[in-house]
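Protein chains in written order, with the numbering used here: chain Z, 1 to 168; chain R, 1001 to 1168. Just so it is clear, CB atoms sit at the ideal spot from N, CA and C, and this is done for glycine as well. Notes for the one structure printed next.
Number of protein chains: 2
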Amino acid sequence: MNENFLDELDLRLLDALQHDASQANHRLAERCGVSPATALRRVRRLQSLGIVERQVALLQPDKLALALGHGLTALVEISLDQQGDEHLAAFERLAVAEAVVQQCYRVSPGPDFVLVLAVTDMPAYLALAQRLFTQHANVRNVRAFFSVKRAKFLPAQPLPRPWAERDA
Amino acid sequence: MNENFLDELDLRLLDALQHDASQANHRLAERCGVSPATALRRVRRLQSLGIVERQVALLQPDKLALALGHGLTALVEISLDQQGDEHLAAFERLAVAEAVVQQCYRVSPGPDFVLVLAVTDMPAYLALAQRLFTQHANVRNVRAFFSVKRAKFLPAQPLPRPWAERDA
DNA sequence: GCTGAAATCACACATTA
DNA sequence: TAATGTGTGATTTCAGC
């Protein structure tokens, strides 16, 4: 099979896994209508192709906050002063290296970057801002919002689902 | 133990799991310096407390794009017309129900919501916009950016790591 | 798709603080 | 008393056929 071709089974597996990767292989196989061995082979192929990057546990921030004190999620738009490709890459390197930067998007139009930060508290945000959002890092303008409530967080790519209508 | 108290072992387990949940329990136990049985018991407790919400596979969008055609990630700021609590809740319900809405944050100051959308293409974005970003949904203003590059995506909460210095 | 070897998990019990 | 660690049987996973 072509190394970059995904058939319907691959899509079913990916869709199942990106919503719930804790299920045992035989259950996954059952849901996708193939034998456990086939499911396993396909999943391993998807992993070796790098399409399945890794498997993580999602924590519920609200519950964590109960035990640790409230964390803080910030959404930040960054506009750079000089916007050549090398300047964009330079800022990106700085941003990506910061542990509190959860997500980093290079965007257009509008600002140059949008970051999602997860910090423990406001002092931690300030510390990052002073490190990253400065003239020194070539930053011209910053617009930051703080999350009052994370109503949805579902790190799943939308996939075509040719089987959806048929199975319904 | 207090049902909401997290000791250092819990934090180590959570930190390990939210970066890599694919490892076998005995390896996890080893990394955290406890017996497999203890690690398993703790993990199950964290799950039953709802702190570990679920386990998912993260897919690499670039690799997917090779096989499926390029997906589109949009970051959208929404300001509502009427901003009472019931109006905010109403829009939130609509947004969360949409499959292409990956993330939904209620924010302050600035706009009322920030959404992260993952759609297959521009027509799909348009379809959503016409459904969700309308007067009918009480939306006054929309500012949308499109992601040119997702440089980082790491859905992990920052945790205090009292062991980090000690182990270094 | 099936089967045997290997690994994993669940549970009972001894141990420690 | 409450949490940890060890050991054994049952289940599941994995690789070769």
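- Pairing residue 1158 (chain R) with residue 1070 (chain R), the inter-Cα distance amounts to about 31 Å.
- Residue environment analysis places residue 5 (chain Z) among the exposed positions, since fewer than 16 neighbouring C-beta atoms fall within 10 angstroms of its C-beta.
- Its Cα nearest to that of residue 78 (chain Z), the residue Z:134 stands out among Z:150, Z:21, Z:134 and Z:123.
- Contact annotation: residue 1119 (chain R) and residue 1100 (chain R) have beta-carbon atoms nearer than 9 Å.
- For residue 13 (chain Z) against residue 39 (chain Z), the beta-carbon gap comes to about 7 Å, under 8 Å, which counts as contact.
- If the five residues before and after residue 53 (chain Z) are omitted, its C-beta is found closer than 8 Å to no C-beta atom of its own chain.
- One Cα belongs to residue 1020 (chain R), the other to residue 66 (chain Z), and the distance between them is close to 24 Å.
- Closest in alpha carbon position to residue 1139 (chain R), among R:1051, R:1087 and R:1073, is R:1087.
- Proximity of chain R to residue 123 (chain Z) at the Cβ level (cut-off 8 Å) is not reached, the minimal Cβ distance being about 13 Å.
- When DSSP reads this structure, residue 115 (chain Z) sits in a beta bridge with Z:76 and Z:104.
- The alpha-carbon separation between residue 1009 (chain R) and residue 1032 (chain R) amounts to approximately 7 Å.
- For residue 1019 (chain R), the chain Z residues whose Cβ falls inside 7 Å of its Cβ are 56, in order along the chain.
- Assigned with DSSP and collapsed to three states, residue 1151 (chain R) falls in strand.
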